[in-house]
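Residue 114 in the UniProt record's numbering is what sits at position 114 of the sequence shown, and the numbering runs on without skipping anything.
The structure under discussion appears below in the form of C-alpha cells.
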Amino acid sequence: MSTLHVMDHPLIQHKVSLMRDRETGTKDFRELLEEISMLMAYEVTRDLPLKEVEIETPVCRAKTKVISGKKLAVVPILRAGLGMVDGIMNLVPAAKIGHIGLYRDPDTLEPVEYYCKLPADVEERDLIVVDPMLATGGSASAAISFIKRRGCKSIKLECLIAAPEGIERVQKDHPDVDIFVAAVDERLNDHGYIVPGLGDAGDRLFGTK
C-alpha cells in the first residue's frame, strides 16, 4: 500500500502558512514554493542508496560514503509543478527533468495528455512527480499512469497541500507510489478547490488570473 508522508518540520509549516496568506505576492509565493520544495526533497530522497569510497582529505586517506549512482528525474505536472523544480534541483543538480501536461476533456471530463517529454532512460530512473496541489487526485493519478506506460517503475509524488479525496484517489489507483506532502487540509469545496488551501497555485505562482 502507498505510504503517506506528512512533513511537519517547523520551517516547512511556517513557509506553508506564508503561502496560504492571500496578501503574499507572486515573487514571495514563488520563492517560498522553491524553498519548501527543497526542504521536502531532503526527505523524499532519504532512501537513496550509498556506496563506500576512499578519498584523500587534507589530513589522511579516509573511507566515506557517496550516492551510489542512482539515477533521478523530476517530472513537474504543468504548469504549477514548474515552481517546484528548482528547489529540488538545488539538492540533486545531476537529476534529469521531464515534463507532463494534462487537460480535462470537456465532454468526458477525463484527463488527456497533451505533452509528455521524459528522459530516454526513464525506466532506469527514480521519478519524483511534483505538483503543488493534490485536490481530486485525477490529474496526478493520470500523470502517473501515463508515465508508467513509458516504462517507469519507481515513482514518488511530492505535493505541497493535499485534500483527503486526492490522497485516497492516488493510493487507490497507484498503491506502489508513496505520497509526500507538507499539509493535509480538510476537504474539497463544490468547485474542487482545497479548503482552506491557498487558492489556484498556478495563478499565484505566475501572476495570472
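Glycine included, C-beta positions come from ideal geometry on N, C-alpha and C.
The model shown is predicted, which means the values in this text are computed figures rather than measured ones.
Among the options, nearest to residue i - alpha-carbon criterion
i           : options                         : result
Ala73       : Ala142, Gly81, Pro58 and Val92  : Val92
Ala183      : Ile55, Leu50, Tyr42 and Gly197  : Gly197
His9        : Tyr42, Gly25 and Arg30          : Tyr42
Leu33       : Leu48, Asp47, Thr45 and Gln13   : Gln13
Lys157      : Val195, Ile77 and Cys116        : Note that residue 157 is Leu in the sequence shown here, rather than Lys. If we check each option's Cα against that of Leu157, Ile77 comes out closest.
residue 211 : Gly138, Asp203 and Val170       : Within the shown structure, residues of the chain are numbered from 1 to 209, placing residue 211 beyond reach of any answer.
Asp47       : Val59, Arg30 and Ile67          : Ile67
Pro49       : Lys70, Ala62, Ser37 and Arg61   : Lys70
Lys15       : His99, Asp28, Glu165 and Val129 : Asp28
Met19       : Ser37, Leu4 and His5            : Ser37
Collapsed DSSP secondary structure at residue i in the structure displayed
i      : result
Ser141 : helix
Tyr103 : strand
Arg187 : strand
Thr26  : helix
Asp178 : strand
Leu160 : coil
Chain C within 8 Å of residue i, Cβ atoms only
i     : result
Ala95 : No chain C appears in this structure, which consists of one protein chain only.
Residues sharing a beta bridge with residue i, DSSP
i      : result
Val74  : Ile97 and Ile128
Lys117 : His99
Leu4   : Ile179
Ser154 : Asp126
Met40  : According to DSSP, which records beta bridges pairwise, Met40 is partnered with nothing at all.
Arg61  : Glu56
Lys51  : Val66
Gly111 : For the record, residue 111 in the displayed sequence is Pro; it is not Gly. BP columns for Pro111 point to Arg104.
Ile194 : Leu188
Cβ-based neighbour list, residue i, same chain, cut-off 8 Å, excluding 5 preceding and 5 following
i      : result
Gly192 : Ala135 and Thr136
Cys152 : Leu118, Val122, Glu123, Arg125 and Leu127
Pro175 : Met1 and Ser2
Glu168 : Gly137
Assumed close pair residue i, residue j - CB separation to whole angstroms, cut-off 8 Å
i      : j      : result
Ser145 : Asp126 : In fact, because the Cβ distance is near 18 Å, the residues do not count as touching under 8 Å.
Ser2   : Ile179 : 6 Å
Gly202 : Ala80  : 4 Å
7 Å Cβ shell around residue i - same chain, five flanking residues per side excluded
i      : result
Ala142 : Leu102 and Pro111
Leu11  : Leu39
Contact set for residue i: own chain, Cβ-Cβ below 6 Å, skip 5 residues either direction
i     : result
Lys96 : Ala73 and Pro119
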